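Data block below; observations after.
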Amino acid sequence: MTRKDIEQLTRLVNTPPKLNEPMSEHTTLRVGGPADALVHVSTLSELRSLVQFCREREIPLFILGEGSNLIVRDGGLRGIVLRLGGQLQQIHFNTTKVTVGGGVYLPHLLVKAARRGLKGLERCTGVPGTVGGALISNAGTADEFIGDLVQSVTVLTEGGEVRELSRDELRFSYRWSNLREKGLIIVGATLTLEPDEPSAIMERIRRRWHYRRQTQPVDQPCAGCIFKNPPGERAGRLLDAAGLKGVRIGDAQVSPIHANFIVNLGRATAKDVLTLAEHMRQTVYQRFGILLDYEVQIVGEE
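Take 601 as the starting number for the sequence shown in my numbering and just add one per residue.
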């Protein structure tokens with residue numbers, strides 16, 4: 601980005617952009633080099649203006665949720681990293697329907713729905729991302745997904761058009777949705793939940809959270825599962841059987857609790873993490889003949 605681009609960007613948005621912002625401060629794994637500019641937008645109008653600005657100047661635009669399920673390389677991200685706030689974080693309930701902004705923090709939505717006696721989102725217990733990020737990756741458990749709850753999704757296209765995609769236009773599968781199409785920004789969504797006793801819902805959330813705390817390194821910096829489960833198998837079981845728990849490169853370590861997680865022991869770099877991840881992948885391939893696919897998104901420059 602040129603100095604002129606930055607001057608125009610500063611005039612365009614209500615909140616001053618943060619320049620050369622370390623992405624390690626905005627990812628749950630705590631690694632990643634600097635973004636040229638980190639920008640917060642709070643309205644759809646502001647978002648559309650920013651998308652047009654980037655399109656006209658051919659400036660790369662990356663949408664950042666809560667920084668989970670993400671590894672940013674040490675060279676950082678060129679262009680603009682965007683976070684959604686304000687009006688794009690609103691929640692509206694209408695009987696069993698809930699309309700939410702793409703920037704809504706998923707754990708916050710989960711608790712609000714539970715207190716209103718609406719079940720369904722328990723499958724996302726412990727997922728520390730935004731609604732937009734959860735929809736793109738079809739977050740959930742191994743067999744329950746947020747995509748199953750979706751009635752419609754509102755997106756902003758690369759050309760600046762706001763479109764509402766109906767259920768029939770959406771495709772969801774294990775850790776994937778067609779919302780990954782290039783240039784789509786999730787502005788909001790409508791989910792269909794079911795009524796239940798708030799106390800019963802909160803108890804299910806507590807049980808699921810307790811299970812996660814026992815089986816995953818939730819108290820350490822990590823990005824979530826590194827690899828997808830291959831058909832008919834569990835990536836964590838394969839990695840464990842390959843003897844990878846506790847293996848370490850620099851301050852990146854395969855979690856001793858769950859072998860499909862890499863934790864940052866304090867000073868890990870993205871290079872440490874990615875070198876370790878590829879070692880894990882190749883070890884499983886050599887041992888079992890299965891090449892694991894990455895679940896985490898890997899972005900940025902070396």
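We treat Cβ as the ideally placed atom computed from N, Cα and C, and that holds for glycine.
Treat the numbers as computed from the prediction; the structure is a model and nothing was measured.
Quick check: the Cα distance between residue i and residue j, rounded to an integer number of angstroms?
i	j	result
residue 759	residue 617	23 Å
residue 804	residue 738	21 Å
residue 890	residue 824	21 Å
residue 647	residue 680	12 Å
residue 892	residue 606	41 Å
residue 612	residue 656	14 Å
residue 819	residue 675	27 Å
residue 620	residue 608	17 Å
residue 632	residue 834	28 Å
residue 787	residue 780	14 Å
residue 831	residue 772	16 Å
residue 848	residue 874	12 Å
residue 900	residue 659	14 Å
residue 709	residue 796	16 Å
residue 853	residue 827	15 Å
residue 904	residue 614	Given a span of 601 to 902 for the chain in the structure shown, any question on residue 904 remains unanswerable.
residue 661	residue 637	10 Å
residue 714	residue 677	37 Å
residue 712	residue 698	10 Å
residue 742	residue 601	41 Å
residue 685	residue 754	16 Å
residue 862	residue 809	20 Å
residue 768	residue 744	19 Å
residue 836	residue 732	26 Å
residue 604	residue 839	49 Å
residue 888	residue 730	35 Å
Give me the residue from the options with the minimum Cα distance to residue i.
i	options	result
residue 871	720, 734, 850, 805	850
residue 704	847, 642, 882	642
residue 629	893, 846, 867, 888	867
residue 886	662, 841, 873	841
residue 623	611, 754, 736, 639	639
residue 858	865, 844, 852	844
residue 706	666, 814, 658	666
residue 736	833, 795, 659, 782	782
residue 740	720, 888, 869	720
residue 756	784, 768, 743, 744	784
residue 718	699, 836, 798	798
residue 821	839, 603, 810, 869	869
residue 898	696, 664, 888	664
Let's see if you can read the secondary structure: which residues bound the beta strand (DSSP E) around residue i?
i	result
residue 766	762–766
residue 882	Residue 882 -> not in any beta strand (DSSP E); alpha helix (DSSP H) instead, spanning 870–888.
residue 670	670–672
residue 789	785–792
residue 836	No beta strand (DSSP E) holds residue 836; the alpha helix (DSSP H) holding it covers 835–841.
residue 691	691–694
residue 756	750–756
residue 619	618–622
residue 852	852–854
residue 661	661–663
residue 731	Unbroken run through residue 731 is the alpha helix (DSSP H), 731–737; no beta strand (DSSP E).
residue 860	Taken as a continuous stretch (DSSP letters only), residue 860 belongs to no beta strand (DSSP E), as it is neither H nor E.
residue 898	897–899
residue 845	Neither: residue 845 is in no beta strand (DSSP E) and is coded neither H nor E.
residue 727	Element bounds for residue 727: n/a, residue is neither H nor E.
Using the beta-carbon count (16 or more within 10 Å), is residue i buried or exposed?
i	result
residue 816	buried
residue 860	buried
residue 635	buried
residue 702	buried
residue 864	buried
residue 814	exposed
residue 846	exposed
residue 626	buried
residue 694	exposed
residue 855	buried
residue 683	buried
residue 734	buried
Between which two residues does the alpha helix (DSSP H) harbouring residue i extend?
i	result
residue 680	No alpha helix (DSSP H) contains residue 680, which is instead part of the beta strand (DSSP E) from 677–684.
residue 635	From DSSP, residue 635 is part of no alpha helix (DSSP H) but of the beta strand (DSSP E) over 634–641.
residue 820	Here residue 820 belongs to no alpha helix (DSSP H), and DSSP marks it neither H nor E.
residue 610	603–612
residue 646	644–657
residue 714	706–715
Looking at C-beta atoms only, is the number of pairs between the segment 765–783 and the segment 679–694 that lie closer than 8 Å three or more?
-> no
Between the segment 753–772 and the segment 665–681, do at least 3 Cβ pairs fall closer than 8 Å?
-> no
At a cut of 8 Å, does the segment 789–806 reach the segment 718–735 through at least three beta carbon pairs?
-> yes
Contact the segment 747–759 vs the segment 791–800: 3+ CB pairs below 8 Å | yes
At least 3 beta-carbon pairs within less than 8 Å: the segment 648–656 vs the segment 876–887 | no
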